[in-house]
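Numbering (my numbering), first residue to last: 2 to 789. Take a look at the structure below.
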Amino acid sequence: MQEQSTIVEGHPLAAARACMKRVFGFHRFRSGQEEILQAVLSGKDTLVIMPTGGGKSLCFQIPALLRPGVTLVISPLIALMKDQVDSLRVLELPVTAIHSLMGLRQQEETLKGILAGEYKLIYVSPERLRNRLFLETLQQTTVSLVAVDEAHCISQWGHDFRPDYLRIGQTLRELGHPQTMALTATATEKVRLDIITRLALQQPRQFITGFDRRNLFWEVVAVQSEKQKLAIIRKRLTSLDGAAIVYTGTRKKVEQLVKKLHRQRLSVAAYHAGLDKAVRTRVQEEFMAGQLHRVVATNAFGMGIDRSDIRMIIHHTFPGTIEAYYQESGRAGRDGHAATCLLLYSAADRALQQFFVDCRYPPAETIAAIYQRLCQQTEDVLWLTNREIGALADKQIPELTIASCLRILEDARVIYRLQRYDNLAELRVHTPVASLLASLSSRATSKKALLECLKSIYGSDELQQGVQFLPDDLAASAGLTPEALRRIVAEMAAQGEVSYTPPFRGRGLRLLQRLPAAELPIDFDELRLRKAYELEKLAQVMAYASTNKCRRAFLLCYFGDSLDMDKCAACDLCQTEDPQQSAEASRAEPLLAVKVLSGIARLQGRFGQAMAARVLTGSRDRSLLAFGLQRLSTYALLADHTQAQVIEWIQKLIALGCVTRERMVRGDKVYPVLSLTDLGRRVMSGKEVVHLSLPPSSTKQPRGETPLEQPVDKEVFQRLRLLRSSIARKQGLPAYCIFHDRTLREMARTIPRTPEQLLRVPGVGQVTLRKYGREFLQLLKEIGVDNR
2 MQEQSTIVEG HPLAAARACM KRVFGFHRFR SGQEEILQAV LSGKDTLVIM PTGGGKSLCF
62 QIPALLRPGV TLVISPLIAL MKDQVDSLRV LELPVTAIHS LMGLRQQEET LKGILAGEYK
122 LIYVSPERLR NRLFLETLQQ TTVSLVAVDE AHCISQWGHD FRPDYLRIGQ TLRELGHPQT
182 MALTATATEK VRLDIITRLA LQQPRQFITG FDRRNLFWEV VAVQSEKQKL AIIRKRLTSL
242 DGAAIVYTGT RKKVEQLVKK LHRQRLSVAA YHAGLDKAVR TRVQEEFMAG QLHRVVATNA
302 FGMGIDRSDI RMIIHHTFPG TIEAYYQESG RAGRDGHAAT CLLLYSAADR ALQQFFVDCR
362 YPPAETIAAI YQRLCQQTED VLWLTNREIG ALADKQIPEL TIASCLRILE DARVIYRLQR
422 YDNLAELRVH TPVASLLASL SSRATSKKAL LECLKSIYGS DELQQGVQFL PDDLAASAGL
482 TPEALRRIVA EMAAQGEVSY TPPFRGRGLR LLQRLPAAEL PIDFDELRLR KAYELEKLAQ
542 VMAYASTNKC RRAFLLCYFG DSLDMDKCAA CDLCQTEDPQ QSAEASRAEP LLAVKVLSGI
602 ARLQGRFGQA MAARVLTGSR DRSLLAFGLQ RLSTYALLAD HTQAQVIEWI QKLIALGCVT
662 RERMVRGDKV YPVLSLTDLG RRVMSGKEVV HLSLPPSSTK QPRGETPLEQ PVDKEVFQRL
722 RLLRSSIARK QGLPAYCIFH DRTLREMART IPRTPEQLLR VPGVGQVTLR KYGREFLQLL
782 KEIGVDNR
């Protein structure tokens with residue numbers, strides 16, 4: 002190990018390059034990697050913003066292998082870290098993970114291995130940082146680097162804030178502030194500053210390798226109905242060669258969309274958090290292994306989706322932030338080849354995202370009402386679903402709002418939400434374990450064994466807050482039978498020494514304080530500020546969807562980057578194949594918006610968009626004539642355009658905040674009607690300007706995949722993939738852990754015949770050559786004979 006350290010100090014980049022080639026099989030650094038590695042190997046704190054698929058992981062994996070001590074990698078999802086660890090174990094690297102899905106005995110063995118110096122890379126979730134025994138183990142080792150993956154999760158201004166990430170700063174202090182590296186694919190300047198502050202990075206080197214994914218084609222199609230969305234999705238998926246993910250906003254919509262696509266004989270699978278865990282695992286594993294090619298999902302199908310040949314990401318419903326949209330779309334084209342990111346845009350979809358924001362930031366009176374109802378319960382530990390908690394209130398409250406109230410109350414430290422778990426028991430110790438041990442009689446050997454076991458595994462703070470465990474594992478660790486464990490815990494609970502909850506599938510909460518609602522320590526002004534911030538982010542998504550300028554430039558500008566050309570030639574607005582459509586788009590002028598707004602104003606808030614479009618286009622519809630609307634001065638003002646076109650303009654004006662939808666009640670019926678906002682009246686009077694132009698056509702054919710840089714025989718590539726899948730199934734691994742698609746494509750292009758030639762293929766290292774080289778060379782030999 003000391004020899005490696007000397008190599009790094011003398012020629013750090015040479016050692017890094019040699020390690021990369023020998024272990025990972027890559028022959029050259031990707032953009033930005035060399036500069037980042039130089040900073041990390043020189044001991045600098047770093048913040049790395051690198052696009053999905055840009056090679057962030059190598060920037061901490063290579064230093065971990067070269068330097069003394071261990072590298073701690075903090076990752077947000079157990080499934081994500083498991084996949085990364087599996088990939089590294091294929092390379093026979095000293096790596097491990099420790100998480101809540103492991104049994105106690107397995108966790109103990111891993112901790113012993115860490116103390117014995119068996120590992121160089123340790124993957125954990127941020128929740129593990131609450132475990133005192135784990136932290137004490139780290140303090141007895143040399144932690145040379147802490148890598149915080151998906152670092153945007155630490156910022157409350159980001160799109161995926163996770164409270165558990167806030168513990169990382171305290172952990173770094175307890176470890177003596179080791180060198181720290183923060184990595185993410187998406188972060189605005191505000192989020193980047195928040196990351197630096199919360200992690201207390203010391204004069205960090207910041208590397209922003211660019212947000213531009215040149216192989217991605219950005220496209221928006223304006224739609225008017227669910228039927229139109231379905232038709233476009235079916236057409237795109239039917240003609241697609243490769244994998245695809247369709248993102249939509251709710252679990253219910255996932256199920257509906259999958260059923261409709263099944264009726265049209267399209268093979269798709271559903272994925273959302275409400276499905277059984279075994280179903281979710283199966284769908285994700287089959288998709289990653291290439292056995293399943295099309296998934297309709299909520300954003301629960303997120304981090305950890307590392308399939309390289311995703312050719313299309315479709316957003317059936319737009320997300321609430323540009324960051325979320327960019328990250329979800331960025332899962333396409335990880336192999337560097339062409340892929341499409343399609344957003345189906347309906348201004349009406351804003352209502353769903355507005356609903357989500359309203360749920361995340363409920364009114365103060367709603368939070369107080371929920372808290373009061375909880376305080377009225379006699380127990381401190383409540384095992385109630387969100388729906389059951391909502392039933393305690395005087396009026397119906399959405400379950401999402403209930404969840405947000407509980408999160409806010411937990412942040413205020415008046416309740417504590419127990420962790421989600423399956424078949425885990427929970428134990429909370431009321432009396433310090435040391436006191437309990439001191440009071441034991443000499444005959445209480447079993448109880449003594451249990452208490453000593455708890456003391457050795459958990460810290461006193463953890464035991465007071467409550468710990469979860471598998472009863473059989475804890476019994477085995479204490480040298481007891483499961484029956485003896487249950488008996489001892491029951492006796493201790495009867496004596497008031499502990500609170501014990503048997504295994505239960507779900508999530509509960511514990512009341513920590515019972516305060517008058519007026520004394521809740523909650524900053525409601527801060528909550529209102531955050532809500533306004535999220536609504537502004539939502540407005541940015543709508544601005545992206547309705548822009549007349551380059552979409553790639555819009556996205557890059559949002560993240561503080563820029564486009565080095567006037568047109569990107571890789572978005573629907575810059576690559577218009579129809580000259581007539583291009584000419585129409587260039588005739589955008591402010592008078593068009595004034596005409597549409599004038600037509601809506603003359604209807605005096607009595608009609609909806611369909612009638613407004615009929616009036617403006619000069620329709621002779623009977624209902625229009627019955628109301629005498631043909632006598633309006635705005636009648637036939639846009640007679641040269643179709644009603645569908647005018648409706649699209651109205652939708653855009655709604656999105657821009659010039660027009661609002663309201664409901665009018667007439668008898669037993671409710672009618673949607675339009676009215677102008679203050680902004681709309683200013684535009685109509687000429688005090689402000691809004692430009693309208695023809696939107697992108699929804700009939701445009703999807704852009705096909707661009708050819709590979711070098712021609713590749715698809716049949717050869719598929720035969721290599723089948724061999725890879727066979728090996729992966731035998732070893733119980735995702736297929737990409739063996740070789741990535743880009744490695745197989747290079748094999749298909751070059752047809753290597755010898756081990757030396759195979760080593761020249763990017764992605765083939767010494768270990769993978771030894772483990773899999775013979776089988777792949779044999780197949781390539783057969784392919785060579787077949788093609789003679």
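Backbone N, C-alpha and C define an ideal beta-carbon position, used for all residues, glycine too.
For residue i, the three-state DSSP class (helix, strand or coil)
i    : result
P763 : coil
A208 : For the record, residue 208 in the displayed sequence is Phe; it is not Ala. Of the three classes helix, strand and coil, the one that applies to F208 here is strand, per DSSP.
P52  : coil
T282 : helix
E776 : helix
E220 : strand
H263 : helix
I458 : helix
T72  : strand
Q469 : strand
T189 : coil
S251 : Per the sequence presented here, residue 251 reads as Thr, with Ser not at that position. Looking at T251 - three-state DSSP - the assignment turns out to be coil, as it is neither helix nor strand.
S726 : helix
E663 : strand
T446 : helix
C569 : coil
L451 : helix
I79  : helix
P673 : strand
E427 : strand
Inter-residue Cα distance where the pair is residue i and residue j
i    : j    : result
I79  : H642 : 54 Å
S563 : I209 : 12 Å
K191 : I50  : 13 Å
P483 : V430 : 19 Å
C454 : L116 : 19 Å
D46  : D213 : 25 Å
K782 : F718 : 14 Å
L134 : T769 : 36 Å
D617 : L638 : For clarity, residue 617 is Leu in the given sequence; the question names Asp instead. L617 and L638: Cα-Cα distance of roughly 5 Å.
R408 : P522 : 13 Å
K449 : L438 : 6 Å
V415 : L464 : 18 Å
L393 : C376 : 11 Å
N132 : I403 : 28 Å
G658 : T678 : 7 Å
R312 : D474 : 45 Å
A17  : D87  : 22 Å
Integer Cβ distance of residue i from residue j, believed to fall under 8 Å
i    : j    : result
A232 : L202 : With 8 Å as the limit, A232 and L202 do not qualify as a contact, their Cβ atoms being about 49 Å apart.
L345 : V222 : 6 Å
G766 : L92  : 7 Å
R511 : Y362 : R511 to Y362, Cβ: 24 Å. No contact.
Reference residue i, options the options, closest by Cα
i    : options                : result
L217 : L401, L513, A17, L556  : L556
V149 : T185, Q171, E128       : T185
A15  : I63, A439, R607        : I63
R682 : M103, I601, F740       : I601
T181 : T189, T187, I169, A188 : I169
R487 : S447, S457, S624, P517 : S447
H317 : P364, E227, A476       : E227
E36  : L48, G26, R283, L760   : L48
R531 : D359, P399, M665, E366 : D359
R235 : G321, V296, V674       : V296
C342 : M289, A546, L419       : A546
Where residue i falls, given that 16 or more other Cβ within 10 Å makes a residue buried
i    : result
W650 : buried
T72  : buried
G480 : exposed
R388 : exposed
G509 : buried
R552 : buried
L592 : exposed
L452 : buried
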